[in-house]
Every structure is written in C-alpha cells, then in structure tokens.
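Undergrad:
Residue numbers (the numbering used here), protein chains in the order written: chain B, 6 to 221; chain U, 3 to 225.
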C-alpha cells in the first residue's frame, strides 16, 4: 500500500535525480520496461492509448462541438447547462471531461483558460495539450497579465472588453465557446467546424477568420 | 504546499513560445508516457497524491525538464513509494522479484475497445448525495490567508483575498485530504476575483480571475 509521506517522496526524487538517465526517452523506456517485466502493464494497451490520442481524439472534436453550438440553439443551451451530458450526445465524453464547463465569448467578454498548479486540460475534446500551455511562462502569466499573453498570440483586446481567466484548480475543465465569425451564415457543420481553431477553444485566439478560398 | 509548481503570478519566465507543430506528441516517448499514465498508474493512489508527488520534484527538474518527463518521474516515485519498484531496479534494469509480488493482472486493450468505451474514462469527483450550498451566489467571501504543508489547490496568489461566489458545483472530493489517502467530499464553488484584488499593477483593468475553490478555503464576509 502507498504511504502518503511527502518527505519520503522528496527523498525518492533526489535519488531519481541522481540515478535516472538524463535523456527523457531513456527514462520512459526504463519505466515501461520495468512495468512490463513485472507484469503491471501490457505494451499493447499503451500502443492503443498512443494511437487513440494521435489519430482519433484531438481538437477536431472540440470544433465539432462549437460548430453545433453555433447552429443549434437547443444544443447550445444544453451545452451551457450540462456540458458533459451534451458532449456525450456526440460520443465525446471521456478523459478529464466528466465535469466540463463551457464559457462563452461575447462582444464584451473574452475567456482564457489556464491551470497554474499543474496543467489540467479537457483531453477527450481537445486532445493532448499544446506545449506552450504547459510552460511556466504561460502558467505564471495567464492569471497576472492575460492581455500581454494574448498579445504574444497576436490577439489585441480592446480595453472595453472584459477578460475572464479560468484557473482550473479543481476537477472542472473549461472549453471556450468562441464567437461565430461574421459572414459565416452557412449551416454546413463541417465547414463551420473548419473555422474553429484549437487556440480559440483555449482562449489564446479570439477573432476567427473565414477562409475566403474555400468553397462553401 | 508552497512549492515551485504554484506558478500563478510568478515572474521571470520570459515570453511564451507560441509556434509549434500541431501534433499530439512531439516525440514518441511522450506518447509512451501518456499511455502509461492512462493504463498503468500505481494502484491504490488518488489523483491528488499523484499530483502531490509531481509537485515534490526538485525545482530545477520541475522547471527545466519536459512535461511528460515529469509525469514519468512522478510515476516512478509513486511506484517506489508503494514498494513496487526500486532505485536499484532502475539502475540495473533487472527486476527484483521480491517487489510487486502479486501485481494486478493487466488487461490487453485495443484501439477499437478504447474508442468505444472512452466515456468510461470520464471520472466523476462529485458526491452522489445532494448537499446544500453554504454560500449564496454573489456572496462576498475571503480566502484563507495561509496554505499548509501538504497538497492544496488554493494557489498562493489567491490567498487572503476577497472574491465573489460565481457558481456552486455540489460537493467534490477534497484534494487536501485525498492526497493523504482520505476520501471526503466538500462543497466546491467557482469564485471570481477582480484582477486588481490580486495584482497591484492591475488597478483599473476590467479583468476577472476565476478559481474553483473548496468551502474550507473560504469564509463568508458580512459587510
């Protein structure tokens, strides 16, 4: 059984610091080999999880949710009130979205999501988090000066717009519902979903664009 | 715990590198670690204990090593702490048969199965029994001035501040005790703070910061 002793774990980390190979690939290989040899895991199951999040599950799911919310007022209503149930209708409920919350951008409000204490992220609808989301630079500054963070992503926010930052300190996870770009009156869900970027669903992008070369 | 992980508002980390390839895993070892974390975490531990073990990584490693590298180190530390793995085994690569004698039998799952049953991974942390909210929406609250030595989800930057209850989420597993192996439930609220309440330089800015906080982090403020 696990002993919940932080001092002991600190000491373990000191040993690991000294004895683990420096190369991350070798570290993970050492972990996997020992777990497999001890009979604690099957490599095939790890393979399947890698495939699942490399090919099947990613931000495309989030963009489908957004497109549907833009076109179907009743779905949007369900999404805003009980997001886990609403995404379950689409088959997208899964890792880390059991307590999903959706926050909506409006002409006067912009939402930005961060996790300052670790790097919580709604995996089953956005896939693996981008590298920048997990950096100390983003985690430290998103809550302190969100406007400068947005500037670095090329987003200018007018002073009249309220920025709301959501620090994911519990098991709730956040999805930003971006504004539908002007001129996107089409109801073709596939086309609408193609306008939605991953960053717009985290809040580091605000003004989505219509690709003018694209056939509607 | 007042550790290096508690990054909100800390300064000196420079600009954010915003450009990167839109691939799930930049390196194949990241995918392996993701997979291990999904199907082979040390048994009988809570997510909160796992997070606490990650927070306990030495500061230089926490800040400088890649993200999924820190997950691997956390997994190793939890296995070693549970006496299922040893530093010696890592050094030699040879399995010590006296450790992890009766391991749980791992199941071989394929992609089709995982995709079909993915919704089972949507873990719930709320209490099945209905609780009553202690605070009203829009109630002014003060956060605790201090944290404590163990795991907690009240970040330093939001301690000893005034905020307003924005939403009630029912009772959720209380992480401070869950990280010690004790599962209890406590009311959880989204609490909104004016940026200027948190940061001296934010005076006049319209921004608001929302945190999800448990009831014992908060005290009702009567004006």
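Ideal Cβ positions, reconstructed from N, Cα and C, are used throughout, including at glycine. Keep in mind that this is a model prediction, so the values were computed, not measured.
#1: Given residue 51 of chain B, which residues of its chain have a CB within under 8 Å of its CB, disregarding the five upstream and five downstream residues?
#2: Which full runs of the alpha helix (DSSP H) of 4+ residues lie inside the region 13-101 of chain B, going along the chain?
#3: Could you tell me if residue 138 of chain U is buried or exposed, where buried requires 16 or more neighbouring beta carbons within 10 angstroms of its beta carbon?
#4: If we define contact as Cβ-Cβ less than 7 Å, is residue 103 of chain U a contact residue for chain B?
#5: For residue 179 of chain B, collect the residues of the same chain with a Cβ closer than 8 Å to its Cβ; drop the 5 residues on either side in sequence, then sort them by chain order.
#6: Please confirm if residue 75 of chain U has its CB atom under 7 Å from at least one CB of chain B.
#7: Would you mind reading off the limits of the beta strand (DSSP E) that contains residue 196 of chain U?
#8: Within the chosen definition, does the region 32-50 of chain U reach the region 52-71 of chain B through at least 3 CB pairs nearer than 8 Å?
#9: Can you tell me whether residue 221 of chain B is buried or exposed? The criterion is at least 16 other CB atoms within 10 Å of its CB, across all chains shown.
#10: If we count the other Cβ atoms within 10 Å of its Cβ and call it buried at 16 or more, is residue 192 of chain U buried or exposed?
#11: Using a cut-off of 7 Å between C-beta atoms, extract the partners of residue 215 of chain U located in chain B.
#12: DSSP on residue 38 of chain U, reduced to helix/strand/coil?
#13: What are the uninterrupted segments assigned as alpha helix (DSSP H) that are 4 or more residues long and contained completely in the region 138-197 of chain B, given in chain order?
#14: Out of B:137, B:77, B:183 and B:176, state which residue places its alpha-carbon closest to the alpha-carbon of residue 69 of chain U.
#15: Chain U partners of residue 201 of chain B, CB-CB under 8 Å?
#16: In whole angstroms, give me the CA-to-CA distance for residue 175 of chain U and residue 215 of chain B.
#17: Could you name the residues that DSSP lists as bridge partners for residue 106 of chain B?
#18: Please report the distance separating the alpha-carbon of residue 139 of chain B from that of residue 89 of chain B.
#19: Assuming residue 94 of chain U is part of the alpha helix (DSSP H), what are its boundary residues?
#20: Got a sec, what are the start and stop residues for the alpha helix (DSSP H) residue 216 of chain U sits in?
#21: Label residue 63 of chain B either buried or exposed according to how many other C-beta atoms from any shown protein chain fall within 10 Å of its C-beta, with 16 as the threshold for buried.
#22: Using DSSP with H/G/I as helix, E/B as strand and the rest coil, what is residue 220 of chain U?
#23: Excluding the 5 residues preceding and the 5 following residue 189 of chain B in the sequence, name in chain order all residues of the same chain whose CB lies nearer than 7 Å to its CB.
#24: Using the Cβ count rule (16 or more neighbours within 10 Å means buried), how would you classify residue 76 of chain U?
#25: Mind listing which residues of the region 61-74 of chain B have their C-beta closer than 7 Å to chain U's C-betas, in chain order?
#26: Let me know if residue 109 of chain U comes out buried or exposed under the rule of 16 or more other beta-carbons within 10 Å of its beta-carbon.
#27: Nearest by alpha-carbon distance to residue 4 of chain U: which of U:160, U:190, U:74 and U:103 is it?
#28: Would you give the residue range spanned by the alpha helix (DSSP H) that residue 74 of chain U belongs to?
#29: Using 10 angstroms around the beta-carbon of residue 146 of chain B, count the other beta-carbons present and answer buried if the total reaches 16, otherwise exposed.
#30: Please report whether the beta-carbon of residue 9 of chain U lies at a distance below 7 Å from any beta-carbon of chain B.
#31: Residue 61 of chain U touches chain B at which residues, Cβ-Cβ below 8 Å?
#32: Answer yes or no: does any C-beta atom of chain U fall closer than 7 Å to that of residue 46 of chain B?
#33: Between which two residues does the beta strand (DSSP E) carrying residue 174 of chain U extend?
#34: Just to confirm the assignment, what range does the alpha helix (DSSP H) spanning residue 113 of chain U have?
#35: Report back the beta-carbon spacing between residue 91 of chain B and residue 83 of chain B to the nearest angstrom; my notes put them in contact at under 8 Å.
#36: From residue 230 of chain B to residue 171 of chain U, what does the alpha carbon distance come to, in whole angstroms?
TA: For this structure:
#1: Residue numbering aside, residue 51 of chain B sits at position 46 when the first chain is read from its first letter. Closer than 8 Å at the Cβ level, and outside the excluded window around residue 51 of chain B, lie 37.
#2: For the region 13-101 of chain B, whole alpha helix (DSSP H) runs of length 4 or above, ordered along the chain, are 29-42, 48-56, 64-76, 78-86 and 88-94.
#3: Taking the second chain and counting its residues from 1, the one referred to as residue 138 of chain U is at position 136. It is exposed - the Cβ of residue 138 of chain U has fewer than 16 other Cβ atoms within 10 Å.
#4: If you number the second chain from 1, residue 103 of chain U lands on position 101. Chain B places no beta carbon closer than 7 Å to that of residue 103 of chain U, leaving this residue out of the contacts.
#5: For the purposes of this step, residue 179 of chain B is taken as residue 174 along the first chain, with counting starting at 1. Excluding residues within five positions, the ones whose Cβ falls inside 8 Å are 105, 106, 107, 108, 116, 118, 127, 171 and 173.
#6: Residue mapping note: residue 75 of chain U aligns to position 73 of the second chain, counting from 1. Residue 75 of chain U counts as touching chain B.
#7: Working through the second chain from its first residue, we reach residue 196 of chain U at position 194. Residue 196 of chain U -> beta strand (DSSP E) spans 187-196.
#8: Result yes; three or more Cβ-Cβ pairs closer than 8 Å.
#9: If you number the first chain from 1, residue 221 of chain B lands on position 216. Here the model assigns residue 221 of chain B a pLDDT of 38, short of 50, so the residue's position is not dependable, and the following value carries that caveat. Label assigned to residue 221 of chain B: exposed.
#10: Along the second chain, one-based indexing puts residue 192 of chain U at 190. It is buried - the Cβ of residue 192 of chain U has at least 16 other Cβ atoms within 10 Å.
#11: Position 213 of the second chain, counted from the first residue, corresponds to residue 215 of chain U. Correct list: 174.
#12: The residue you call residue 38 of chain U lines up with position 36 of the second chain. Reduced to three states, the DSSP call for residue 38 of chain U is helix.
#13: Assignment of alpha helix (DSSP H) within the region 138-197 of chain B, counting only whole runs of 4 or more residues, yields 141-146 and 151-157 in chain order.
#14: Looking up residue 69 of chain U in the second chain gives position 67. Minimum Cα distance to residue 69 of chain U is reached at B:137.
#15: Position 196 of the first chain, counted from the first residue, corresponds to residue 201 of chain B. Correct list: empty, because the minimum Cβ distance to chain U is about 13 Å.
#16: Counting from 1 along the second chain, the entry for residue 175 of chain U is found at position 173. Counting from 1 along the first chain, the entry for residue 215 of chain B is found at position 210. Distance between the alpha carbons of residue 175 of chain U and residue 215 of chain B: 43 Å.
#17: Residue numbering aside, residue 106 of chain B sits at position 101 when the first chain is read from its first letter. Answer is B:179, bridged to residue 106 of chain B.
#18: Locating residue 139 of chain B in the first chain gives position 134, counting from the first residue. Locating residue 89 of chain B in the first chain gives position 84, counting from the first residue. So the alpha carbons of these two residues sit roughly 24 Å apart.
#19: The residue labelled residue 94 of chain U in the question sits at position 92 within the second chain. Residues 89-94.
#20: In the second chain, residue 216 of chain U corresponds to position 214, counting from 1. That residue, residue 216 of chain U, is in no alpha helix (DSSP H); its beta strand (DSSP E) goes 210-216.
#21: In the first chain, residue 63 of chain B corresponds to position 58, counting from 1. By the neighbour-count definition (other C-beta atoms within 10 Å, threshold 16), residue 63 of chain B is a buried residue.
#22: If you number the second chain from 1, residue 220 of chain U lands on position 218. Strand at residue 220 of chain U.
#23: Taking the first chain and counting its residues from 1, one reaches residue 189 of chain B at position 184. 197, 200 and 215.
#24: Stepping through the second chain from its first residue, residue 76 of chain U is reached at position 74. With a 10 Å radius around the Cβ and a threshold of 16 neighbouring Cβ atoms, residue 76 of chain U comes out buried.
#25: When C-beta distances to chain U are compared with 7 Å, the residues of the region 61-74 of chain B below that value are 61 and 63, in chain order.
#26: Here the question's residue 109 of chain U lines up with position 107 in the second chain. With fewer than 16 other CB atoms across the displayed protein chains lying within 10 angstroms of its CB, residue 109 of chain U is exposed.
#27: As a first step, residue 4 of chain U is located in the second chain; it is residue number 2 there, counting from the start. Checked all of U:160, U:190, U:74 and U:103; the closest Cα to residue 4 of chain U is U:160.
#28: Start at 1 with the first residue of the second chain, and residue 74 of chain U comes out as number 72. Under the DSSP assignment, residue 74 of chain U falls in the alpha helix (DSSP H) whose first and last residues are 69-83.
#29: Taking the first chain and counting its residues from 1, the one referred to as residue 146 of chain B is at position 141. Buried, since its Cβ has 16 or more Cβ neighbours within 10 Å.
#30: For this step, residue 9 of chain U is matched to residue 7 along the second chain. Interface residue, yes.
#31: Along the second chain, read from residue 1 onward, the residue named residue 61 of chain U stands at position 59. Taking a Cβ-Cβ threshold of 8 Å, none of the residues of chain B is close to residue 61 of chain U; the smallest such distance is about 10 Å.
#32: In the first chain, residue 46 of chain B corresponds to position 41, counting from 1. So yes, residue 46 of chain B belongs to the interface.
#33: Here residue 174 of chain U refers to the residue found at position 172 when the second chain is read from its first residue. Start and end: 164-175.
#34: Taking the second chain and counting its residues from 1, the one referred to as residue 113 of chain U is at position 111. 113-118 is the extent of the alpha helix (DSSP H) around residue 113 of chain U.
#35: The residue you call residue 91 of chain B lines up with position 86 of the first chain. The residue you call residue 83 of chain B lines up with position 78 of the first chain. So it is a contact: roughly 4 Å between Cβ atoms.
#36: Because chain B spans 6 through 221 in this model, residue 230 of chain B falls outside it and cannot be assessed.
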